[in-house]
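**Q** Pasting in a structure now, in structure tokens, and then I'll have a few things to ask.
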Amino acid sequence: MRDIHCHILPGVDDGARDLDESLAMLEAAKRAGVTSIVCTPHCRDPYFDYDAMWDAYELLVAHADGFPLQMGFEVNHRKLMELGMQWAEYLHFDGSNEFLLELSSHCTARDFEEYERTIYELQGKGYDVIIAHPERYKAIQKDVSIAERLVRMGCKLQASADFVAGGRLGKEKKPAKKLFDEMLYRYIASDAHRPEHYHNLAKAKAMYRCRGAHVK
């Protein structure tokens, strides 16, 4: 099982605070059945430091005893607009064309006009756009057809296990279930920030493995 979204890199965002916690997360991931991880630190303020994040990745790789790790980012839309689209080539998953895009939790339906322009531009550059945790976005909570439109555009939707399984925040659980019922999700990922969050990945996998999404 490949976990495409987690905050396992030490000391770079609101995830693992140091290398010891990163390694504890890695062990928890293994117990949950994870066989490879994409490390996706926040590309947003106040955390984003490209060089420091790559340094943290290399440190973790050096201590991971060969466990398959891949560098990526959870790219906040506003931060991408601030940096400029030329940064996309540095922010996709290393070694693939996958691009994990985070939208605003408080977005409105009107905001999606801008988001869709960005998505089309990323797709035009050859990127496979994955939308992080759509269950968190208020516009989608109110109108699932927005998520349907994203899928029709070619986006892949990623559920966060903590929200799906009721771990970190409960309010996302109901819209997440609706998105599963409509078979709109492609991935379940941990979005883990602490070792204990991996319990919810195993739980979410058991709950939803036959609901239209798969854990890649």
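Read in order, the letters of the sequence shown correspond to residues 2 to 217 in the numbering used here.
Don't be surprised by glycine CBs; every beta carbon is placed ideally from N, CA and C.
So what does His43 bridge to, in DSSP terms?
**A** Glu75
**Q** Give me, in chain order, the residues of the same chain whose beta-carbon lies closer than 7 Å to that of Ile120; leave out the 5 immediate sequence neighbours on both sides.
**A** Val130, Met154, Cys156
**Q** By DSSP, does His8 sit in helix, in strand, or in coil?
**A** coil
**Q** Report buried or exposed for Pro11, applying the criterion of at least 16 other Cβ atoms within 10 angstroms of its Cβ.
**A** Taking a 10 Å sphere around the C-beta of Pro11, we find 16 or more other C-beta atoms and assign the residue as buried.
**Q** Looking at the structure shown, is Tyr48 part of a helix, part of a strand, or coil, going by DSSP?
**A** In the structure shown, Tyr48 adopts coil according to DSSP, grouped into three states.
**Q** Would you kindly report the start and end of the unbroken alpha helix (DSSP H) that includes Ser23?
**A** 20-32
**Q** Where are the beta strand (DSSP E) runs, 3 residues long or more, that stay fully inside the stretch 183-213, in chain order?
**A** 186-190
**Q** Have a look at Val209 and Lys179 and give me their C-alpha separation to the nearest angstrom.
**A** Inspection of the sequence shows that residue 209 is occupied by Tyr rather than by Val. So the two alpha carbons sit approximately 12 Å from each other.
**Q** Flag this pair as yes or no: are the beta carbons of Tyr48 and Val13 separated by less than 8 Å?
**A** For Tyr48 and Val13, yes; Cβs fall inside 8 Å.
**Q** Return helix, strand or coil for Phe181, following the three-state DSSP convention.
**A** helix
**Q** Between the Cα of His64 and those of Leu24, Glu28, Ile9, Thr109, spot the shortest distance and give me the residue it belongs to.
**A** Out of Leu24, Glu28, Ile9, Thr109, Leu24 has the C-alpha closest to the C-alpha of His64.
**Q** Using C-beta distances below 6 Å, list every residue in its chain close to Lys205, excluding the 5 sequence neighbours before and after it, in chain order.
**A** Before going on, a small fix: residue 205 reads as Ala here, not Lys. Contacts found: Ala162, Val165, Ala166, Ile189.
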